[in-house]
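Chemist: The structure under discussion is supplied below as C-alpha cells; questions concerning it will follow.
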Amino acid sequence: MDDKYSISHHDNIDMSKEEVDRAETGGNEQQDAQFEKRVLRKVDLRLLPILGCLYTIALVDRSNVAVARISGMDEDLGLDQGSRASVSLMVFFIGYIIFEIPSNAFIHKLGAANWLAFLAVAWGLVSLGIGFLHNWQGFAVLRSLLGVFEAGFFPGCVYLVSSWYRRYEVQKRMAGFFLTASALSAFANILAYGLIQISKHHSYKGWRWIFIIEGAITVVAGIGSWFIIVDFPDSSANTFLTPEERAFVKARLAADRGPEEREKVTLKVIAKTAADWKPWAFSLMYAAGAVGVYAFLFFLPLILRGGLGYSLEMSFILSTPPSIFSVIEAMTISWLADKMKMRGPFVVFQGLIGIIGLCMTGFLDSPTPRYIGTFLGVAGANGLVVTTLAWQANNIVGDSRRAVSTAILISMSGVGGIYSSMVFRQQDAPNYLPGIIAVMAINVAAVLVAIVTMVLLRWQNQRADKGEVLCEDREGFRYTL
68 MDDKYSISHH DNIDMSKEEV DRAETGGNEQ QDAQFEKRVL RKVDLRLLPI LGCLYTIALV
128 DRSNVAVARI SGMDEDLGLD QGSRASVSLM VFFIGYIIFE IPSNAFIHKL GAANWLAFLA
188 VAWGLVSLGI GFLHNWQGFA VLRSLLGVFE AGFFPGCVYL VSSWYRRYEV QKRMAGFFLT
248 ASALSAFANI LAYGLIQISK HHSYKGWRWI FIIEGAITVV AGIGSWFIIV DFPDSSANTF
308 LTPEERAFVK ARLAADRGPE EREKVTLKVI AKTAADWKPW AFSLMYAAGA VGVYAFLFFL
368 PLILRGGLGY SLEMSFILST PPSIFSVIEA MTISWLADKM KMRGPFVVFQ GLIGIIGLCM
428 TGFLDSPTPR YIGTFLGVAG ANGLVVTTLA WQANNIVGDS RRAVSTAILI SMSGVGGIYS
488 SMVFRQQDAP NYLPGIIAVM AINVAAVLVA IVTMVLLRWQ NQRADKGEVL CEDREGFRYT
548 L
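Going by my numbering, the sequence shown opens with residue 68, and the numbers climb by one from there.
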C-alpha cells in the first residue's frame, strides 16, 4: 500500500498513513481525546448557532399570526368569520407536506448553504408581504407560499446535523438547536407587543408592523447565513476544518455506523424507505409532538386571553415561560438519553408529561393550575419532537435513506399542523376543550406506538445476535431502543 492514499470517497484529500491512523484509532489516548474535543467544539460552534438562529426566525415567522390575531388582524382581514382562520392556518401545511421530500434532494444538489439561505430569504419576503394585505384570501395565499419555502428548512437542518455526529451525540445537539429556537421564538411575543405600539405613531396598524419588521429581519439574516452555513462532512468546501480534522470526523462517523457515501435521492431509494415500517412509526410519534407544539404555538395566547382571562399585555408575557421551561426539561432528558443510549423510554415519558399537562389546562377550573399545565404540555410536546428526531436518526442507516426518512418524519409535522388547525375551532373559543382532547388522543397513540416500536426493535436485535438477520444490512449494527 502507498504511504499516501485518499481518505474520502468524495474529496481528494491525501494524507500520510500516520495521520490516517490517528484519525481512525488515535495514538495517545489523552491527546486523542483533546483532539476530538477540539474538533467537535469547532463543528458545534460553526454548525449549530446559525441553524438555531434561522430556525428561531422560522418559528417566529410561522407563529406571529397568533399574536397578530389578538391585535386586530382578525377584524381587519375578516378572519373572525366562520372557518376562515382555520383554513388560513391549514393551507400553510399543504405546501409544507408536499415539498418536504423534494427539498432534501435539492440540498444535496445545490449545497447546504445555497439552499438553506435561499429558503430563508424567500420566506422572509413572503412574511413581509403579509403586512400589506387587506383580505383573508390574500392571507391564505401567502400562508401557503410560506409553507412551500419553510418546508425544506427544518428537514434540511436535521439531516445536516445528523450527518456530522455519532448516533449517541445527536440528541443533545438536536435538542440544543430545536429547543433554544423554540424558547427564543417565545420571546417574539414580547417583541411583537413592542412592535404593536408603533401604530400609535404611524398610520399602519400594529399587527402589520409585526410582519413587516420581522420579515425584513429574516431576509437580512438569510443573506448573512450564506457566508456561515457549512456543508456535509464529505465536502472539501468545509475549510473551517483542516484536512486532518475532516478525515477524523469522517472516520469516527464510519466507525459508528459504517462508511456512507453521498448518494443520490432516487425514486428507488424513496420507494425502499417508504416501504420500511420504521420511518412511519417514528413519524406518528413525531406528529404527536408537532400537534402539541403547533397547538400551543397558535392558540396559547388566545387561551390565555380568552380562556384564562389575562389582559392583552399579560397574554403576551405569559406565553414565554412555558417555552423556557421546556428547554430546561427537554435538555435534561436529552442528556440522559444520550448518556444511557436509549430513546424509546424517554419518548414514552415525554408523551405522558404532555398528556398530564393537557389534562390540567383543559379540565381544571382555577387559572393558575391551568397555566401550570401549559408548562408540562409545551415541555412534553417539544421533548417528544427532539427525542423522536434522534431515535429516527439513530436507526435509519444510509445517507440517502436517512434524507428521505427525515423528510417523511418532518412532513408528518405538517399533518400535525393541519390536525391542530382543524380541531382548535373558532366556535370552541375561548377554552378550546375539544382541541385539547384531540391533542391528548394523539399523544396516547404516540405512547402506544413507541412501546410497540421498542418491542420490535429489541426482537430484531435479538435475532441479529443469533445471526438470523442483519440489522439495516450492516454487520454489527444494532438498533437503538
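Idealized CB from N, CA, C, for every residue including glycine.
From a predicted model like this one, the values you see are computed outputs, not experimental measurements.
Following the continuous alpha helix (DSSP H) through Glu142, name the residue where it begins and the one where it ends.
Modeler: Here residue 142 refers to the residue found at position 75 when the sequence shown is read from its first residue. Start and end: 141-144.
Chemist: So Pro436 is in the alpha helix (DSSP H); what residue range does that whole segment cover?
Modeler: Residue 436 sits at position 369 when you count from the first residue of the sequence shown. Its alpha helix (DSSP H) spans residues 434-462.
Chemist: Which of helix, strand or coil does DSSP assign to Gly534?
Modeler: Translated into positions along the sequence shown, residue 534 becomes position 467. Note: Gly534 maps to coil in three-state DSSP.
Chemist: Mind checking Trp399: buried by the 16 CB within 10 Å criterion, or exposed?
Modeler: Start at 1 with the first residue of the sequence shown, and residue 399 comes out as number 332. This sequence places Thr at residue 399; Trp is not what is there. With fewer than 16 other Cβ atoms within 10 Å, it is exposed.
Chemist: Give me the residue from Asn498, Ile296, Val286 with the minimum Cα distance to Gly376.
Modeler: Counting from one through the sequence shown, the residue named residue 376 turns up at place 309. If we check each option's Cα against that of Gly376, Asn498 comes out closest.
Chemist: Determine the extent of the alpha helix (DSSP H) in which Ser350 is found, giving its start and end residues.
Modeler: Within the sequence shown, numbered from 1, the residue matching residue 350 stands at position 283. Segment 344-369, the alpha helix (DSSP H) holding Ser350.
Chemist: How about Arg113 and Phe315: are their beta carbons less than 8 Å apart?
Modeler: Sequence index remark: in the sequence shown, residue 113 carries index 46 (1-based). Sequence index remark: in the sequence shown, residue 315 carries index 248 (1-based). Against a cut-off of 8 Å, the Cβ pair of Phe315 and Arg113 comes out as no contact.
Chemist: Compare the Cα-Cα distances from Val127 to each of Gln493, Val193, Glu281 and report the closest residue.
Modeler: What you label residue 127 is simply residue 60 of the sequence shown in a count that begins at 1. With respect to the C-alpha of Val127, the residue from Gln493, Val193, Glu281 having the closest C-alpha is Glu281.
Chemist: Within 7 Å: the Cβ of Gly139 and any heavy atom of the ligand GTP?
Modeler: Summarising the ligand content, the structure contains no ligands, and the ligand GTP is consequently not present.
Chemist: Taking only the alpha-carbon atoms, compute the straight-line gap between Ala187 and Gly119 and give it to the nearest angstrom.
Modeler: One-based indexing of the sequence shown puts residue 187 at position 120. One-based indexing of the sequence shown puts residue 119 at position 52. Their backbone Cα atoms lie some 13 Å apart in a straight line.
Chemist: Can you find at least 3 beta carbon pairs, one from the segment 365-379 and one from the segment 457-472, that sit closer than 8 Å?
Modeler: no
Chemist: Please confirm if the segment 163-177 is in contact with the segment 103-111, defined as three or more CB-CB distances below 8 Å between the two stretches.
Modeler: no
Chemist: DSSP three-state label for Arg525, please.
Modeler: In the sequence shown, the residue the question calls residue 525 occupies position 458. The answer is helix: DSSP assigns Arg525 an H, G or I state.
Chemist: What number of angstroms, rounded off, separates the C-alpha of Ser480 from the C-alpha of Ala355?
Modeler: Taking the first residue of the sequence shown as position 1, residue 480 is located at position 413. Taking the first residue of the sequence shown as position 1, residue 355 is located at position 288. So the alpha carbons of these two residues sit roughly 8 Å apart.
Chemist: Once you ignore the five residues that flank Thr455 on each side, which residues in its own chain have a CB closer than 7 Å to its CB?
Modeler: If you number the sequence shown from 1, residue 455 lands on position 388. If we look at Thr455 and ignore the five residues flanking it on each side, its Cβ neighbours are Phe349, Met352, Tyr353, Gly356, Val414.
Chemist: So Arg468 is in the alpha helix (DSSP H); what residue range does that whole segment cover?
Modeler: Taking the first residue of the sequence shown as 1, we reach residue 468 at position 401. Element bounds for Arg468: 466-490.
Chemist: So, at 8 Å on beta carbons, what are the nonlocal neighbours of Phe383 in its own chain, with the 5 sequence-adjacent residues on each side left out?
Modeler: Taking the first residue of the sequence shown as position 1, residue 383 is located at position 316. Only Val134, Asn256, Ile257, Ala259, Tyr260, Pro368 meet the Cβ criterion.
Chemist: Given this structure, state the Cα-to-Cα distance separating Arg234 from Leu115, to the nearest angstrom.
Modeler: The count along the sequence shown starts at 1 and reaches residue 234 at position 167. The count along the sequence shown starts at 1 and reaches residue 115 at position 48. Whole-angstrom Cα-Cα distance: 17 Å.
Chemist: Taking 8 Å as the threshold (C-beta atoms), are Ala242 and Ser390 in contact?
Modeler: Walking along the sequence shown from the start, residue 390 turns up at place 323. Walking along the sequence shown from the start, residue 242 turns up at place 175. Cβ distance not < 8 Å, so Ser390 and Ala242 don't count as in contact.
Chemist: Could you round the C-beta distance between Ala517 and Gly418 to whole angstroms and report it? I think they count as a contact, below 8 Å.
Modeler: Walking along the sequence shown from the start, residue 517 turns up at place 450. Walking along the sequence shown from the start, residue 418 turns up at place 351. So it is a contact: roughly 7 Å between Cβ atoms.
Chemist: Give the straight-line distance between the Cα atoms of Arg319 and Ala100, rounded to the nearest whole angstrom.
Modeler: As a position in the sequence shown, residue 319 is number 252, starting the count at 1. As a position in the sequence shown, residue 100 is number 33, starting the count at 1. Their backbone Cα atoms lie some 12 Å apart in a straight line.
Chemist: So, does the segment 189-207 touch the segment 144-153, judging by three or more C-beta pairs under 8 Å?
Modeler: yes
Chemist: Let me check understanding here. Comparing Cα to Cα, which of Gly223, Val208, Phe491 lies closest to Tyr361?
Modeler: Within the sequence shown, residue 361 is the residue found at index 294, counting from 1. The shortest Cα separation from Tyr361 among Gly223, Val208, Phe491 belongs to Phe491.
Chemist: If we call anything under 8 Å between Cβ atoms a contact, is Trp182 one with Gly219?
Modeler: What you label residue 182 is simply residue 115 of the sequence shown in a count that begins at 1. What you label residue 219 is simply residue 152 of the sequence shown in a count that begins at 1. The answer is yes: Cβ separation under 8 Å.
Chemist: Sort Val536, Ser252, Phe392 by Cα distance to Val445 and report the nearest one.
Modeler: Looking up residue 445 in the sequence shown gives position 378. With distances taken between Cα atoms, Val445 lies closest to Phe392.
Chemist: Does the beta-carbon of Lys406 have 16 or more other beta-carbons within 10 angstroms, so that it is buried, or is it exposed?
Modeler: Numbered from its first residue, the sequence shown carries residue 406 at position 339. Looking at its Cβ environment, which holds fewer than 16 other Cβ atoms inside 10 Å, Lys406 is exposed.
Chemist: Below 8 Å on the Cβ atoms is my guess for Ile265 versus Trp274; work out the distance and round it to an integer in Å.
Modeler: Here residue 265 refers to the residue found at position 198 when the sequence shown is read from its first residue. Here residue 274 refers to the residue found at position 207 when the sequence shown is read from its first residue. Actually they are not in contact, since the Cβ atoms of Ile265 and Trp274 sit about 10 Å apart, beyond 8 Å.
Chemist: Check whether the Cβ atoms of Met489 and Gly411 sit closer than 8 Å, and answer yes or no.
Modeler: Counting from one through the sequence shown, the residue named residue 489 turns up at place 422. Counting from one through the sequence shown, the residue named residue 411 turns up at place 344. For Met489 and Gly411, no; Cβs fall outside 8 Å.
Chemist: Could you tell me the alpha carbon to alpha carbon distance between Val208 and Ile164, rounded to whole angstroms?
Modeler: Position 141 of the sequence shown, counting from 1, holds the residue named residue 208. Position 97 of the sequence shown, counting from 1, holds the residue named residue 164. One C-alpha to the other measures close to 16 Å.
Chemist: In angstroms, rounded to a whole number, what distance separates the CA positions of Met140 and Tyr271?
Modeler: Here residue 140 is taken as the residue at index 73 of the sequence shown, counted from 1. Here residue 271 is taken as the residue at index 204 of the sequence shown, counted from 1. Taking the Cα positions, Met140 is about 12 Å away from Tyr271.
Chemist: So, helix, strand or coil for Met507, using DSSP?
Modeler: Residue numbering aside, residue 507 sits at position 440 when the sequence shown is read from its first letter. Met507 falls in the helix class under three-state DSSP.
Chemist: Buried or exposed: Thr333, going by 16 or more other Cβ atoms within 10 Å of its Cβ?
Modeler: Translated into the one-based positions of the sequence shown, residue 333 becomes position 266. Counting C-beta atoms within 10 angstroms of its own C-beta, Thr333 has fewer than 16 neighbours from the protein chains shown and is therefore classed as exposed.
Chemist: Rounded to whole angstroms, what is the Cα-Cα separation between Asn528 and Leu403?
Modeler: To locate residue 528, count along the sequence shown from 1; it is residue 461. To locate residue 403, count along the sequence shown from 1; it is residue 336. Approximately 22 Å, taken between the alpha carbons.
Chemist: Leu523 to Ile423, Cα distance in whole Å?
Modeler: Position 456 of the sequence shown, counting from 1, holds the residue named residue 523. Position 356 of the sequence shown, counting from 1, holds the residue named residue 423. Distance between the alpha carbons of Leu523 and Ile423 is about 27 Å.
Chemist: Can you tell me which of Gly191, Ala180, Ser194, Ala125 puts its alpha carbon nearest to the alpha carbon of Ile296?
Modeler: Counting from one through the sequence shown, the residue named residue 296 turns up at place 229. If we check each option's Cα against that of Ile296, Ala180 comes out closest.
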